[in-house]
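**Q** With the first letter of the sequence shown counted as 1, position 38 gets the number 38 in the UniProt record's numbering; the numbers rise by one all the way through. Note that the Cβ used here is the ideal one computed from N, Cα and C, for glycine as well.
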Amino acid sequence: MAEEIKALEANDTWTIECLPLGKRPIDCRWVYKIKRRANESIERYKARLVAKGFTQIEVTIRCLLAVAVVKGWEIHHMDVNNAFLHGDLDEEVYMRLPPGYSSRGQGIVCRLQKSLYGLRQASRNWTGNFSSTKIVGA
Numbered sequence: 001m002a003e004e005i006k007a008l009e010a011n012d013t014w015t016i017e018c019l020p021l022g023k024r025p026i027d028c029r030w031v032y033k034i035k036r037r038a039n040e041s042i043e044r045y046k047a048r049l050v051a052k053g054f055t056q057i058e059v060t061i062r063c064l065l066a067v068a069v070v071k072g073w074e075i076h077h078m079d080v081n082n083a084f085l086h087g088d089l090d091e092e093v094y095m096r097l098p099p100g101y102s103s104r105g106q107g108i109v110c111r112l113q114k115s116l117y118g119l120r121q122a123s124r125n126w127t128g129n130f131s132s133t134k135i136v137g138a
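1) Consult DSSP for residue 4 and reduce its assignment to one of helix, strand or coil.
2) Would you tell me roughly how many angstroms separate the C-alpha atoms of residue 108 and residue 68, rounded to the nearest one?
3) Using 10 angstroms around the beta-carbon of residue 16, count the other beta-carbons present and answer buried if the total reaches 16, otherwise exposed.
4) Could you tell me which of 45, 97, 116 and 72 sits nearest to residue 36, measuring between CA atoms?
5) When DSSP labels each residue in this structure, what does residue 16 get in the three-state scheme?
6) Looking only at C-alpha atoms, which of 8, 5, 1 and 104 sits nearest to residue 32?
7) Quick check: the Cα distance between residue 119 and residue 52, rounded to an integer number of angstroms?
8) My assumption, with CB atoms under 8 Å, is that residue 49 sits in contact with residue 92. Please give the rounded CB distance.
Pasting the structure below:
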């Protein structure tokens with residue numbers, strides 16, 4: 001969890017502020033995963049902070065793969081560390097402090113500056129940021 005918080009803070013994902021009157025913060029939670037090697041031994045434990053309200057998007061990737069098969073497209077995969085955290089937010093979004101994060105009093109929240117996994121706009125913001133980036137060597 002400390003590694004994830006460190007990455008979020010280094011990315012300026014939020015600022016700590018007093019919650020403005022009339023605003024409601026969203027909740028968040030930790031999601032834990034065990035990363036395994038090919039031989040099934042444990043490589044590392046991973047914790048990811050997500051905003052509540054996230055949805056699965058398996059249907060989208062299945063549709064993409066089906067179209068690729070029909071069209072004979074070649075599929076390439078890449079992984080971007082903390083991908084959704086690279087999308088800037090245009091609107092005001094307040095989130096309760098993450099579980100385990102030291103509180104500095106009542107009414108203190110995170111004002112999100114960047115997308116966080118689980119936000120409805122996270123994938124849209126990441127795609128917009130990625131689409132505007134020139135890929136060198138492509």
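**A** Straight from the coordinates:
1) DSSP, read as helix, strand or coil, puts residue 4 in helix.
2) For residue 108 and residue 68, the gap between their C-alpha atoms comes out near 47 Å.
3) Counting Cβ neighbours within 10 Å, residue 16 comes out exposed, since fewer than 16 surround it.
4) Among 45, 97, 116 and 72, the Cα nearest to that of residue 36 is on 45.
5) Secondary structure of residue 16 (DSSP, three-state): strand.
6) Considering only alpha carbons, the answer is 1.
7) If I take the Cα positions, the gap works out to 8 Å.
8) Actually they are not in contact, since the Cβ atoms of residue 49 and residue 92 sit about 19 Å apart, beyond 8 Å.
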